[in-house]
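A quick write-up on the structure given underneath.
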Amino acid sequence: MSNMFSPYSIKNLTIKNRIVMPPMCQYSVDKEDGVPNDWHSVHYVSRAVGGAGLIILEMTSVTPEGRITNRDLGLWSDEQIPHYQRLVSQIKKYDAKVGIQIAHAGRKAEDANQPVGASEIPVEVLPEETMNGELKQPRALTTQEVKETIQQFKKSAERAVKAGFDTIELHGAHGYLLHQFMSPSINNRTDEYGQDLALFGEEVVKAVKSVIPSEMPLIMRLSAIEYIDGGYNLPHAINMAKRFKAAGVDVFHVSSGGEGLPGKLKPKNTPGYQVPFAREFKNQLGLPVIAVGKLSDPDLAEATISNGDAELIAIARGMLNDPYWALHAEKTLTRKVNPPFQYSRGIR
Numbered sequence: 004m005s006n007m008f009s010p011y012s013i014k015n016l017t018i019k020n021r022i023v024m025p026p027m028c029q030y031s032v033d034k035e036d037g038v039p040n041d042w043h044s045v046h047y048v049s050r051a052v053g054g055a056g057l058i059i060l061e062m063t064s065v066t067p068e069g070r071i072t073n074r075d076l077g078l079w080s081d082e083q084i085p086h087y088q089r090l091v092s093q094i095k096k097y098d099a100k101v102g103i104q105i106a107h108a109g110r111k112a113e114d115a116n117q118p119v120g121a122s123e124i125p126v127e128v129l130p131e132e133t134m135n136g137e138l139k140q141p142r143a144l145t146t147q148e149v150k151e152t153i154q155q156f157k158k159s160a161e162r163a164v165k166a167g168f169d170t171i172e173l174h175g176a177h178g179y180l181l182h183q184f185m186s187p188s189i190n191n192r193t194d195e196y197g198q199d200l201a202l203f204g205e206e207v208v209k210a211v212k213s214v215i216p217s218e219m220p221l222i223m224r225l226s227a228i229e230y231i232d233g234g235y236n237l238p239h240a241i242n243m244a245k246r247f248k249a250a251g252v253d254v255f256h257v258s259s260g261g262e263g264l265p266g267k268l269k270p271k272n273t274p275g276y277q278v279p280f281a282r283e284f285k286n287q288l289g290l291p292v293i294a295v296g297k298l299s300d301p302d303l304a305e306a307t308i309s310n311g312d313a314e315l316i317a318i319a320r321g322m323l324n325d326p327y328w329a330l331h332a333e334k335t336l337t338r339k340v341n342p343p344f345q346y347s348r349g350i351r
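Residue numbering for the sequence shown follows our numbering, beginning at 4 and increasing consecutively.
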């Protein structure tokens, strides 16, 4: 029997298996209106048909200027809600649960006329790691603007609830705005949000929790370590996570890095290389975790669940390669599979 294909419940969310399709930017919005289109419908619904238990929509910005590019999704207006309602209803037809990752790119907003961040410190990346080849010098948010941004997260969460999402994920990893505030190497502020590196994230969590149903789980994605020289280590991330747990986070989605060019410490990029981070979060915080990072081998994914390293596993590039990854993994692990009847002649 496969543990990966057993159901899992957290609060009022019950997932039919332990497989998560994590957020992956598609850069496919037709206009600058930030709403999902036919591409997003095909992309996400096909993974629901393919057996994913939980699908988390790509990084969706709380403000137009907070997108990575102008071809990214956003949820800053009530007028956008019906577009998400249609997509959510399509995904749910195929027994998948659906979440949305809300975020602000901060200093990594490539198309913003003036990117903003925790500080004025620019991010150094290789040109091929951006969509447009370069990143502009950011401007530090004023204290008042920080408080306004917290309210933007709150409003986006309200819209996500109205759109019918089963869960919300806050993006606090990979060098985006929430991460920028909690990083000692990026945050050089002298106000309260610089003196207390967890404060911005904590207030965002509390604001979001105040407008979502009490039984809706809140997920937060964090980078367990940074790879830039002088970057923070695992104990720092755990300390941040303890504050976020106390504020109301129910599940941690554990990744690493993403804040700039790696220094002496570099990601291993080997199968399962981030699983130890997820396991440490689970052990230290006593909350469910989602593990991610080159887990597309079904046996490795199964071992991650069966060994108790994580409650859920995220399959990113594996699902870009194969929309039916979950069905194929179930066939590999259990020697039986129950695909949609339309595909039963091919997947059996």
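All C-beta atoms, glycine included, are put in the ideal place defined by N, C-alpha and C.
- Rounded to whole angstroms, lysine 297 and isoleucine 71 show a C-alpha spacing of 24 Å.
- Within the same chain, Arg162, Lys165 and Ala166 come within 7 Å of isoleucine 84 by CB-CB distance, once the 5 residues on both sides are set aside.
- Where histidine 331 is concerned, the enclosing alpha helix (DSSP H) starts and stops at 328–337.
- Close CB contacts of threonine 307 within its chain, under the 6 Å cut and outside five residues either way in sequence, are with Val278, Ala294, Ala313 and Ile316 (chain order).
- Look at arginine 224 here: in three-state DSSP terms it is strand.
- Contact between the region 237–254 and the region 266–277 is absent: fewer than 3 CB-CB pairs across the two stretches fall below 8 Å.
- With 16 or more neighbouring CB atoms inside 10 Å of its own CB, methionine 223 falls in the buried class.
- The bridge partners DSSP lists for tyrosine 11 are Ile18.
- Beta-bridge partners of phenylalanine 255 (DSSP): Met223 and Val292.
- Around the beta carbon of tryptophan 42, fewer than 16 other beta carbons lie within 10 angstroms, which makes this residue exposed.
- By the CB criterion at 7 Å, alanine 108 and glycine 69 fall inside the cutoff.
- Under the three-state reduction of DSSP output, glutamate 229 falls in the coil class, being neither helix nor strand.
- Assignment of alanine 143 by DSSP, reduced to helix, strand and coil, places it in the strand class.
- Bounds of the alpha helix (DSSP H) holding valine 211 are 202–212.
- The Cβ atoms of glutamate 113 and asparagine 135 sit closer than 7 Å to each other.
- Assigned with DSSP and collapsed to three states, methionine 62 falls in strand.
- A distance below 7 Å separates the beta carbons of glycine 56 and asparagine 20.
- Judged by DSSP secondary structure, threonine 307 falls within the alpha helix (DSSP H) whose first and last residues are 301–309.
- Judged by beta-carbon spacing, proline 301 lies within the 7 Å limit of alanine 332, meaning their Cβ atoms are closer than that value.
- When the alpha-carbon of leucine 144 is set against those of Ser159, Arg192 and Arg50, the nearest one is in Arg192.
- DSSP, read as helix, strand or coil, puts glutamine 29 in coil.
- Of the candidates Ala319, Ala240 and Asp75, the residue whose Cα lies closest to the Cα of lysine 285 is Ala240.
- Secondary structure at valine 119: strand, using DSSP grouped into helix, strand and coil.
- At the C-beta level, lysine 157 and valine 119 stay beyond 7 Å of one another.
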